[in-house]
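The structure appears below as structure tokens.
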DNA sequence: TGTACTGTTTAACAGTGTTAAATAAATTTA
DNA sequence: TAAATTTATTTAACACTGTTAAACAGTACA
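Spelled out as structure tokens, the structure:
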């Protein structure tokens, strides 16, 4: 009867190995490199065996996503418990959130649907800078008569873009908020930043 | 010799048809549904013909990305030209940016690497709400003694999250900013929002 | 008319997720 | 212990993916 336990333990271990192997492959070659056969190679089995443990590739991604959220929650709690005042807590928590995103970059990607540049050279594409340039100019004008340094304008620009792009991403990937909430968030953020630019 | 022109015109048209067909397929079934054979079906050719016009599938995505940036830039310009004051211009431009993202949702996705929930049920996963709950609570506490409504807290939360998630996405998908710039943007935004919460 | 060239398709390769059938190993039963 | 049954694992296959090479058709030119 103890052998039943041992077998169950072994099964649980393989289940875990599959996740570990997946993450390893992704860390080495990105999410596109992840395939059932490569996972099988890594755990020294053949592909169909994986289906004894997970119903599909999606189920594996799902489990990794779940683990990601759990880990993030844990780190947020730890950050919170390092402080007493709510404002300090919030600051520490968002800082922990930021650190998590880059320490566990692959998990964050699958958790929030951030795809790393589908066509690699999108960054070398001059057209991709046109929207930025247009808005950049208006920010510069808004700061007049003070002539902002490149760094200053850059910070303003990215603050704007982050709010908008973040809100858009969240609405696209997850269920969306109500339209009113979105507009409220946008209005609050944008007018806030504009005020901060004008001093 | 005019026939040469006609043939060139036809080629240009097919080049364009390929893009149109691609976008149509994506709008109907999402980016995963896009395949060379389906594009070929749509333009009533066989798959290898596409390689006479685009070097690879990636090249097609790239061209769509380019068109996206051009369209976005155009709409930003139009928004700007509807106003005179820089602050009004900025507001209109970001509003146009927002509208573009959802009017041309597929283009926005390929432009900025926003993948729509890889494993569809991530939203039904209770763990995915743990990080939000943790931060939610601290925001509520920060607002004390005023007891915020659900809507109020929600707006604060999403304002925070948008800034952070937006900045993270941008850094992951494109080339990153310098660390100092990131930290500056983060600090500015977070302290700003915290201040606005405390009134 | 025959030759070169261009447009287009068929066939194939290597890869993907996934499933069904075949086989090997272990366990239970007689 | 030997046979029967169950479990673990693999091989083979299907339908799909992007991509390429070879075959075929059609047009233009000599």
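Protein chains in written order, with my numbering: chain R, 1 to 199; chain B, 1001 to 1199.
Don't be surprised by glycine CBs; every beta carbon is placed ideally from N, CA and C.
| Asked | Found |
| --- | --- |
| Starting from residue 991(B), find everything on chain R with Cβ-Cβ shorter than 7 Å and list it in chain order. | It is not possible to answer for residue 991(B), since the shown part of chain B is limited to 1001 through 1199. |
| Run the CB neighbour count on residue 1007(B), radius 10 Å, all protein chains shown included, and call it buried at 16 or more, exposed below. | exposed |
| Do residue 1025(B) and residue 1040(B) have their CB atoms nearer than 8 Å? | no |
| Tell me which residues share the same chain as residue 1096(B) and place their Cβ nearer than 6 Å to its Cβ, disregarding the 5 neighbours each side in the sequence. | 1075, 1076, 1079 |
| Please tell me whether residue 105(R) and residue 1127(B) are closer than 8 Å, where the distance is taken between their beta carbons. | no |
| Just list the residues that DSSP pairs residue 1114(B) with in beta bridges. | 114(R) |
| Roughly how many angstroms lie between the CA atoms of residue 1109(B) and residue 1134(B), to the nearest whole one? | 29 Å |
| Just by C-beta distance, which residues in the segment 1035-1068 of chain B are closer than 7 Å to chain R? | 1058, 1061, 1062, 1065, 1066 |
| Does chain R have any CB closer than 8 Å to the CB of residue 1008(B)? | no |
| Going by CA-CA distance only, name the one from 1094(B), 1015(B), 1185(B), 1098(B) that's closest to residue 168(R). | 1098(B) |
| According to DSSP, is residue 177(R) part of a helix, a strand, or is it coil? | coil |
| If you scan the segment 25-93 of chain R from start to end, which runs of the alpha helix (DSSP H) of 4 or more residues do you find wholly inside it? | 36-42, 57-80 |
| If you draw a straight line from the C-alpha of residue 1189(B) to the C-alpha of residue 1107(B), how long is it? | 28 Å |
| Kindly list, in the order they appear in chain R, the residues whose Cβ is closer than 7 Å to that of residue 1072(B). | 131 |
| Which residues, in order along the segment 152-181 of chain R, keep a beta-carbon less than 7 Å from a beta-carbon of chain B? | 154, 155, 158, 159, 160, 161, 162, 163, 164, 165, 166, 167, 168, 169, 170, 172, 173, 174, 175, 177, 181 |
| Mind checking whether residue 1166(B) and residue 165(R) have CB atoms under 8 Å apart? | yes |
| Taking Cβ-Cβ distances below 7 Å as the criterion, which residues of the segment 1181-1195 of chain B are in contact with chain R? | 1181, 1184, 1185, 1186, 1188, 1189, 1190, 1192, 1194 |
| Starting from the C-beta of residue 82(R), find all residues in its chain whose C-beta is less than 7 Å away, skip the five residues before and the five after it, and write them out in chain order. | 92 |
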